[in-house]
Amino acid sequence: MSDAPIAIFDSGVGGLTVAAAIAKRLPAEHLVYLGDTARLPYGTKSPETVTRYAVQATRALMRFQPKLIVVACNTASAVALPVLTAAYAPVPVLGVVEPGARAAVAASKGGPIAVIATEGTVRGGAYVRAIHALKPGARIVQRACPLFVSLAEEGWTDGPVPELAAERYLDDIFKAADRPDTLVLGCTHFPVLVAPIAKAVGQNVMLVDSAATTAQEVEHLLDTRALRRTGPTKLPTFMGTDAPERFARVGSGFFGRPIATDQVELVDLTP
Ligand code: DGL
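Per my numbering, the very first residue in the sequence shown carries number 27; after that it's consecutive.
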């Protein structure tokens with residue numbers, strides 16, 4: 027079983043930021059990544075639809091007989107985790123909201139914590155619950171930033187357009203008297219926009235995301251179950267539900283390593 031892959035999915039290529047953190051921490055692991063690029067964004071859809079898509083994505087990944095499933099999408103983690111956990115037991119399913127909340131609580135010095143995410147994640151309040159479970163009474167302010175998903179997918183990660191978008195979304199929160207000291211990038215697409223976001227929030231704000239904390243959690247889970255892979259390095263497997271060329275081109279920026287178009291298999295998730 028330890029030789030089995032770790033299956034990872036997101037609505038698009040954003041989850042590759044999480045895959046990159048796992049690959050960095052656990053270089054011997056074989057990663058199988060699925061981006062549901064044809065149906066992105068998940069963040070504006072209902073919990074029922076996101077759950078249905080998440081189940082279909084996981085079903086497609088099960089053909090690799092993974093030892094672990096990582097839901098590298100905050101929106102899907104926020105709504106579909108219980109359903110996936112029950113449906114695919116005993117294969118463990120790990121989301122990114124709890125690791126993100128843990129990173130936020132560790133980073134905050136006691137000031138308010140700001141969470142930026144998709145509309146779906148904000149509406150469902152998963153981060154608020156996860157942060158309060160770790161730190162009851164923590165002050166939290168949330169803001170949906172759906173345009174960041176399109177900017178990230180478009181590769182517009184610096185310059186005036188994302189800077190203006192970041193200012194428009196975040197100015198009032200970070201100009202308030204009770205300014206947050208921590209900002210959670212509660213969407214796996216947002217880490218590539220860290221430069222314009224950091225510029226908009228100004229100094230003395232810790233920017234955290236769930237990628238590194240999720241990778242830590244993956245490592246812990248593999249170690250406690252004696253599931254670490256020791257074999258020779260295997261190239262990651264990539265799958266997308268639309269446009270492999272675009273997946274490879276845009277995804278390379280998220281993964282931090284080049285992805286070739288012929289490395290991306292086109293899959294159809296519709297039953
Ligand atoms: N990357 C996903 C997340 O973490 C959502 C982007 C989207 O599909 O809206 O929430």
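C-beta atoms are modelled at their ideal positions from N, C-alpha and C, and glycine is treated no differently.
Predicted model only: the values in this text are computed from it and were never measured.
Look at the alpha carbon of Tyr153 and the alpha carbon of Glu124, and state the distance between them as a whole number of angstroms.
Each residue's alpha carbon lies about 8 Å from the other.
According to DSSP, what are the bridge partners of Gln168?
The partner list for Gln168 (beta bridge, DSSP) reads Val141.
In the DSSP assignment, the alpha helix (DSSP H) including Gly151 goes from what residue to what residue?
Neither: Gly151 is in no alpha helix (DSSP H) and is coded neither H nor E.
By a C-beta neighbour count over all protein chains shown, 10 Å radius and 16 as the cutoff for buried, is Asn230 buried or exposed?
Exposed is the call here.
Is Asp198 near ligand 1 - that is, is its Cβ less than 7 Å away from at least one heavy atom of it?
No.
Can you list, in chain order, the stretches of the alpha helix (DSSP H) that have 4 or more residues and sit fully within the region 155-222?
Correct list: 172-180, 186-201.
Assuming contact is defined by CB atoms lying nearer than 8 Å, are Ala86 and Val293 in contact in what I supplied?
For Ala86 and Val293, yes; Cβs fall inside 8 Å.
Taking the alpha carbon of Gln168 as the point to measure from, which residue in Asp36, Leu209, Leu160 has its own alpha carbon closest?
Looking at the Cα atoms, Leu209 is the closest of the given residues.
Distance check for Ala30 and Val117, CA to CA, integer angstroms please.
For Val117 and Ala30, the distance between alpha carbons rounds to 11 Å.
For Leu295, which residues of its own chain have a beta-carbon under 7 Å away from its beta-carbon, when the five flanking residues on both sides are left out?
Cβ within range, chain order: Asp62, Gln82, Ala83, Ala86, Thr267.
So, using beta-carbon positions, are Pro92 and Ala140 closer together than 8 Å?
No, they are not a contact pair.
Does DSSP put Met88 in a helix, in a strand, or in coil?
Helix at Met88.
Expressed to the nearest angstrom, what Euclidean distance is found between the alpha-carbon atoms of Arg194 and Phe264?
When rounded, the distance between both Cα atoms is 35 Å.
Rounding to the nearest angstrom, what Cα-Cα distance links Gln289 and Met232 in this structure?
Their Cα atoms are separated by approximately 36 Å.
Gly69: which of Ala54, Arg283, Val105, Arg128 sits nearest, CA to CA?
When only C-alpha atoms are compared, the closest one is Val105.
For my contact list, Leu110 and Ile95 are in at a C-beta cut-off of 8 Å; report their separation, rounded to the angstrom.
Indeed they touch by this definition, with Cβ atoms about 7 Å apart.
For a cutoff of 8 Å on Cβ pairs, would you count Arg155 as touching chain B?
The structure shown contains no chain B; it is built from a single protein chain.
Quick check on the DSSP output: the beta strand (DSSP E) that includes Thr263 runs from which residue to which?
263-266 is the extent of the beta strand (DSSP E) around Thr263.
Per the DSSP calculation, Asp235 is bridged to which residue(s)?
In DSSP, Asp235 forms a bridge with Leu211.
For Tyr59, name the three-state secondary structure that DSSP assigns.
Reduced to three states, the DSSP call for Tyr59 is strand.
Any chance the region 211-221 sits against the region 155-165, with 3 or more Cβ pairs inside 8 Å?
In short, these stretches do not touch, since the Cβ pair count stays below three.
Would you mind stating whether Gly126 and Pro206 have Cβ atoms separated by less than 8 Å?
Contact: no.
If I measure Cβ to Cβ from His56 and keep anything under 6 Å in the same chain, skipping five residues before and after, which residues do I get?
Pro31, Lys260, listed in sequence order.
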